[in-house]
Each structure stands twice: as C-alpha cells, then as structure tokens.
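Working notes, beginning with the structure itself.
Chains as they are written, first to last, in my numbering: chain C, -8 to 515; chain G, 57 to 364.
So, in structure tokens, the structure goes:
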C-alpha cells in the first residue's frame, strides 16, 4: 500500500506476541485508513483475537510498534485505547444484565455521562442517527441478542470514536439483522470512522469490507481487496490448501422415523431462559436434520429435553419417543441404552470433565461399550478406546491421560464427537459440532457425521452456522422464541428463507397472532 | 392492649432491630459487590469487645465506637487480603474469620466480663417524641440508633441513586466486563468488604455500649448469622433489609411481652420466634423468582482475578 504513515489511522508494525507453547502473533503488519472498513480474516487460532487485544490494550505485544494517527503509542490498557477513540464490541458482550441500557452506557462513560436525563437524550439521538433503535430505560436482560449488540455499538459511538473494532459481530445475528448492521457500519465509515471487522465469514467480508488482512498460523498470509477475490481465493489465504473446502454431500431421504418429538412444550422457570412451545419434529434413521437459530431461542432447552438433562413428568413421556418408545421421563443413561449419543453445547462441564483425563472422560459416556464388567473398570480397554478416538479423529494431545481441560476447544470437540460416534449410536444429537474448530478438522467432522448417517443413524444437528447446516443436513428447520418452524428438505429452501424462520416468520404471510407470540413482551 | 404498651413495643422493636440493621446493611453492600463474607458474627463480637474496653478504660463512649469500627475494618481487611488478594475460598475464609473473632473477643474481654458501664442514653427530641405510637420509636432513641437511620438513608441513596452504587452492582454482577471497562474490581470489592467490617464493628459496639452496656462472651447471640440470612431473604434490597431487621426486633419483643403477661408456652419455643418469623416472612416475600434474580449479585462468592 502506497500511503504515507501520517495519513493512516492505525498502523501496526512487526507485532509479535508469544504465549507459553505458541507464537500467537508473528511480526504482523496491519494498516487501516480513515473511513476504511478493514477485514481481519482468519481461522480460529490464527491470531485474530490476540491482535485485537493488543490494539485495544488488553495485552501488550512482546515486540513491534503501534502507530496511531502518525504517532507511536504504547497501549497500556483499554481505558487508554478508549481515550484515543478506539471502541470495541466483543463477541461475548460485556453488558450487565440487571442494569438498564442507560445505566450500562453510563458505567462505560464515567463522568462524561452527565445526568440520566441528558444521557437518555443523547442515547436516543445517537441510536436514531445510525438507525439502531434502542430504548434507554429497558433492562438489558429483556433484550434480544441483536438489541444487546446495538447497546454495545451505541456505547462505543457515544464517545468520539475513530476506530471501531467488531469481533465476529454477525455470529449472533440473523441474516436480516446482519444486513441492518452493515448499513449502520457503512454510514459510520462514510462519516470517517475506521472499522476493523473481524470475521471468518467470507461472503459478508466481500459484501462489506474495503480491504482485508488475512492471518494464518499467527502470520499475515496476505492482503487483498475482498471484492476482487472469490470465496475460494480468500479461503486458500486463510487455510492454505486444505482439502474438503468445497465438499458437497449427497442429500438423502432416510428411512423409518427414529426420533419423534410430539407437541413438546416446557415452561422454563428461569426468567432469563426460553420456554418451548409445541415443538414437533421427527428424525429418520439415515438422515441428518439441522436446526438453525440465533443463540438463546430455545436450543439449550431443547437439547436438555432430548438428552435427558431435563426430565418431563411420566404423563408427558410420549412427547419424546425413540423408535416409538416414550422416553421423555427417562434419565440420560436410560436413553443412551436405547441408542442415544449426545454432544452438548458446552464442552467443559457438560461434554467433558475438565480435570479428568481423556480416557476417564471416554468412559463417562461409553460405559456400555464393554469397558466395565461386574462393576469393575477394565482399564486397558478404556485406554485402548480413548486411544482409538484420538487416532481416528486426529485429536492433538500428548496421550490419553492428559486432562480434558488442557486441550484446545477444537481438539476437545473432536474428542467428544469421536467418543459419541465410536459408540455407533442409533441417534446422535449434536450441538454446534464444529464450533471453534479449524476448517480441516471441521471437514473431518462433517465426513464422520455423513459416514454415521450412511451407516443408518438418525442425526440431529443444532447449529448457528447456516453454511454448515446447508452443507450437511438433509432437512432443515429453525428455532425462534422456543418455537420450531416446519422442517423442509434442504435443497428446496435457501438461507434467506431460513433466516426469516430464525426471525420467527414461519409462514409466507405470518398472522398477527404468530407475530405477537414470536415477539413476547419484555419482562417487567 | 393499650397505646402505651404499643408505643413501648415499637420503641423496643427499633432498639432490638438496630444491630441487625447495621450488620445487614454492611453485608448488603459487600454482597452486592460480589463478595460473600461469613465473618459478620466474628467482626461484630470483636467490635463489641474493643468498643467496651476502650469506652471503659478511657471513659469516652464515642472513642469506643470509633475503635470498634476500626476493629471491624481491621478484621475485614484480613478477610479481603486472604479472600480477594490470595483468591481463597470466600466461604471458608469467612467461617474462619468468625471462629477467629469469637475466640479473639473472648480472650481480649476476659478481664472485662460483668463490669458495669453507663452506656448511651436515649435522647428524647422535644415535641416529636410525644407523637402517639411512633414518637418514642423514632425520636426518643440513643444517638447510635439515630446514626443507624442516617446510615440506612445513606446506603439506600448510594446503592439506588449514585454512580458508586452502579459500580458496586456492576462489579458484583460481571467483574470481567467491569474490568474491561476500566473499573478497579478488586479495589471496589475491598472497599465494600471494609464497609461491611465497619458496619459490623459499629453494630457490635451498639450491643456493648447502648443496647446492654456490658461485655459478655458471645453477646451477639447469632445476630451476625441472622443478618446474613436477612440479606439473602431480602433479595439484596435495602428496604427489605430494614423491614426484616425490625421484624426480628418486633418478634423478639413479642416473646418478652408474651412471657410478661404469662402465656404458658415454653420460653424456649418463644425464643425461637424472632428467628422463625423473620425468615418465614422474608422467604414468602422472595418467592418472585424474576425479581430475586434481578437483584441478586450474579458473581457472589466467586473468586476473580484480573487478566482472564
């Protein structure tokens, strides 16, 4: 880039950062111009998070230089970054649920917040100017995820901001909400604010960003203008020549119904949780059914129902059936005996016990695989079973005695998924099977799921990643506010339509009653 | 029941509820910041004994109160160093602090048991204290009770209306987010813990210098524990803490009055009344799960360190 350093908003030169056991950033250069929407692309673990923490002053680089508006600066802490005009919207929001929108913003602004009256006025002004509707007096816990993100962004915009960093902002949004966010970002950029947009979704980077820096394995693997590149070119920059990038799998019809969910309703006692409303769903042996949805629309509750973490009363036992047998009142171990395998959303704590070794974790769900006789554990078989999982699913670990908690998220995911698949289940329920997993490993997991399907298992995948669902699922539906849309053959629908379901618009012309039910009144 | 009896019951209700109110207000602030300090009983006892010794030796009640507050703060600082500085388990640390405070106060006060002292005397405000029923309750108390009214108003105002209150609440709900905003989480928590210690010390000195001006081993009689329960069952709401404290006071008085007029129920059963009544009423009040979740400090009792 032939721009003089003085005219750049932010320049990073030769940034390196080493953590024990890995070089997270290796001599990284990054330039952002005023009013530019710049993408930082890369797989999980490529060093994006580290780099953005360095910009925002959360961690300090081991070497390298940050130049802000032509002047070298040492970013001591987030407060300093904010005072320079750098704002950041984290992937996991840093909001206080029991406070109102205005109070959340007041906390971040310090003394500059002024009186509550003045602040409310300014919040309304900013949110209107950028087309992000917000009600300052609402409590944050009653807001949807999209609204919470607006609070985070407005909070940044309340101060004079010159660089806005967004970490995977669309991962929690429906496609429609993402479009609204892009409109806001374009307006901001047009006013001269620079935006650093961190993502691994190629389509949206090409639609939104002026320039891109691509990271791979802690190094810059290329700069490009996303608009002029194809998805495949960008993907190559991100992952090198990994196989399976463009795999398509044949869609199948499946056989007998194995899992049947019939009018499943459940009133959630947790005021911050979601209640399930008359869910109907079947999964046939030999097919993969996908359920899309923005996090917090009932996925966790549905998973707890299916796995048996949440039991129903005996009189409602028939609302969930495995091969015709009522199971909704059975505990997880009884359901596993009937052929269930389960990959929960939380790897640590639900999927695995962090302090226990991989082999012990393998035993925890696979005790029916001949690993126990007369109540005694057959230690050799357990270790052999764990080592088989590690080998077949290419889990990176020193050995089977390593504690589960010391594995990276992606590796542990491969291990948990492998453990479940190796048990040859009749029904596999998997939540976010490739969340936080790199592209190569994700392709391997997809192949394993397809192989399991072709071997005749019924598979239910709950994921927020529409690309993934469209790639592997034979039928697809979406959860919205605890209600499930009708399931449709994947080839006969499209992401835009599923996006509408995710927003609660199930019919072609939703009736006013449906709309009211899909947008419940906020808690008071 | 005649008016005089009721007037006297209300008066005694406030006097009996005051030590509870003071401790519970301190614990409320402490818990709102996300720290569970189970050392209230120990800090109270230490405050009570130090307050008595100082007042007895120097003849100055106020110096006794001041040093009792300092004594409570000293113990709470100890707690803060162990539980916040070294991230020790808060429950275990708090229990240890109570056991330590009980032993320390018994040891320090051994020579002062049963010594007589003229404590704080009630000061009746002219005219106001003659109002029927509530005049004596509100306007014929000793100075420490008046101070407790002021401290209640102060805590309510700070927690509900000020930025400091907002910061304390934020730190107790989501310390990671608060830290990311540049709020000094550990400093806020340490100060909140020390405020709790100061209030416990003050409450202790009220017992030994005003309520029953003397020193006796274990004279707090579990009030520190009741205050802890009060805060939880009041769903961390400051007005309910006041309600609970005075309810406890009222029930304590009712059991004395009942004995006085010769109701033939075992006095042991009657002595349970204040504890049972307070907890039952507050449990009934805190049934609303949504409201309780809204006011509960989410990260209560969870150790936290910066840089994660």
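Think of the CB as a built atom: it goes at the ideal place given N, C-alpha and C, for glycine as much as any other residue.
Quick one: residues in its chain with C-beta nearer than 8 Å to the C-beta of residue i, no 5 flanking neighbours on either side, listed in chain order?
i: residue 7 (chain C); result: 14, 16, 17, 18, 19, 52, 53, 54, 55
i: residue 141 (chain C); result: 118, 123, 124, 125
i: residue 356 (chain C); result: 327, 332, 333, 410, 411, 414
i: residue 87 (chain C); result: 94, 95, 98, 131
i: residue 114 (chain C); result: 92, 93, 96, 125, 127, 145, 149
Is residue i close to chain G? Criterion is C-beta to C-beta, closer than 7 Å.
i: residue 91 (chain C); result: no
i: residue 40 (chain C); result: no
i: residue 339 (chain C); result: no
i: residue 69 (chain C); result: yes
i: residue 98 (chain C); result: yes
i: residue 85 (chain C); result: yes
i: residue 128 (chain C); result: no
i: residue 94 (chain C); result: yes
Between residue i and chain C, is any beta-carbon pair separated by less than 7 Å?
i: residue 316 (chain G); result: no
i: residue 360 (chain G); result: no
i: residue 63 (chain G); result: no
i: residue 355 (chain G); result: no
i: residue 237 (chain G); result: yes
i: residue 140 (chain G); result: no
i: residue 229 (chain G); result: yes
i: residue 233 (chain G); result: yes
i: residue 84 (chain G); result: no
i: residue 111 (chain G); result: no
i: residue 148 (chain G); result: no
i: residue 152 (chain G); result: no
i: residue 222 (chain G); result: yes
i: residue 242 (chain G); result: no
i: residue 92 (chain G); result: no
i: residue 226 (chain G); result: yes
i: residue 350 (chain G); result: yes
Would you grab the beta carbon distance between residue i and residue j for me? Rounded to a whole angstrom, and I think it's under 8 Å.
i: residue 297 (chain G); j: residue 77 (chain G); result: 7 Å
i: residue 249 (chain C); j: residue 188 (chain C); result: Going by Cβ atoms, the distance from residue 249 (chain C) to residue 188 (chain C) rounds to 42 Å, so no, they are not a contact pair.
i: residue 369 (chain G); j: residue 125 (chain G); result: Because chain G here runs from 57 to 364, residue 369 (chain G) falls outside it and cannot be looked at.
i: residue 31 (chain C); j: residue 42 (chain C); result: 7 Å
i: residue 281 (chain C); j: residue 473 (chain C); result: About 18 Å; that fails the 8 Å criterion.
i: residue 211 (chain C); j: residue 204 (chain C); result: 6 Å
i: residue 199 (chain C); j: residue 213 (chain C); result: 18 Å between Cβ atoms; not a contact.
i: residue 69 (chain C); j: residue 47 (chain C); result: 6 Å
i: residue 275 (chain G); j: residue 263 (chain G); result: 6 Å
Please determine, among the options, the residue with the shortest C-alpha to C-alpha distance to residue i.
i: residue 244 (chain G); options: G:278, G:164, G:141, G:260; result: G:141
i: residue 194 (chain C); options: C:372, C:457, C:471; result: C:457
i: residue 299 (chain C); options: C:3, C:324, C:273; result: C:324
i: residue 216 (chain G); options: G:289, G:234, G:358, G:85; result: G:85
i: residue 381 (chain C); options: C:369, C:401, C:101; result: C:401
i: residue 252 (chain G); options: G:178, G:67, G:64, G:103; result: G:103
i: residue 362 (chain G); options: G:196, G:114, G:239; result: G:239
i: residue 359 (chain G); options: G:300, G:148, G:289, G:331; result: G:148
i: residue 437 (chain C); options: C:447, C:455, C:464, C:416; result: C:464
i: residue 194 (chain G); options: G:227, G:143, G:71, G:250; result: G:71
i: residue 377 (chain C); options: C:351, C:398, C:421, C:397; result: C:351
i: residue 68 (chain G); options: G:304, G:349, G:335, G:317; result: G:304
i: residue 11 (chain C); options: C:144, C:397, C:276; result: C:397
i: residue 155 (chain C); options: C:163, C:176, C:164; result: C:176
i: residue 394 (chain C); options: C:345, C:441, C:408; result: C:345
Who are the Cβ neighbours of residue i in its own chain at under 7 Å, not counting the five residues just before and after it?
i: residue 168 (chain C); result: 137
i: residue 204 (chain G); result: 74, 77, 78
i: residue 373 (chain C); result: 350, 353, 354, 362
Tell me which residues share the same chain as residue i and place their Cβ nearer than 6 Å to its Cβ, disregarding the 5 neighbours each side in the sequence.
i: residue 317 (chain C); result: 308, 309
i: residue 63 (chain C); result: 56
i: residue 279 (chain G); result: 75, 76
i: residue 516 (chain C); result: Look at the range of chain C in this structure, -8 to 515, and you will see that residue 516 (chain C) is not part of it.
i: residue 308 (chain G); result: 72, 330
i: residue 269 (chain C); result: 254, 256
Segments of 4+ residues assigned as alpha helix (DSSP H) that fall wholly inside the region 380 to 464 of chain C: 400 to 412, 430 to 445, 457 to 463
In chain order, which continuous runs of the beta strand (DSSP E) of length 3 or greater are located wholly inside the region 8 to 34 of chain C? 13 to 23, 28 to 32
Restricting to runs no shorter than 4 residues, where is the alpha helix (DSSP H) found entirely within the region 79 to 147 of chain C? 92 to 100, 107 to 120
Scan the region 139 to 200 of chain C and note each continuous beta strand (DSSP E) run of 3 residues or more that stays entirely inside, going in chain order. 154 to 158, 185 to 190
Can you give, in chain order, each stretch of the beta strand (DSSP E) that sits fully within the region 269 to 314 of chain C and has at least 3 residues? Runs of beta strand (DSSP E) with 3 or more residues, each lying fully within the region 269 to 314 of chain C, are found at 279 to 283, 311 to 313, listed in chain order.
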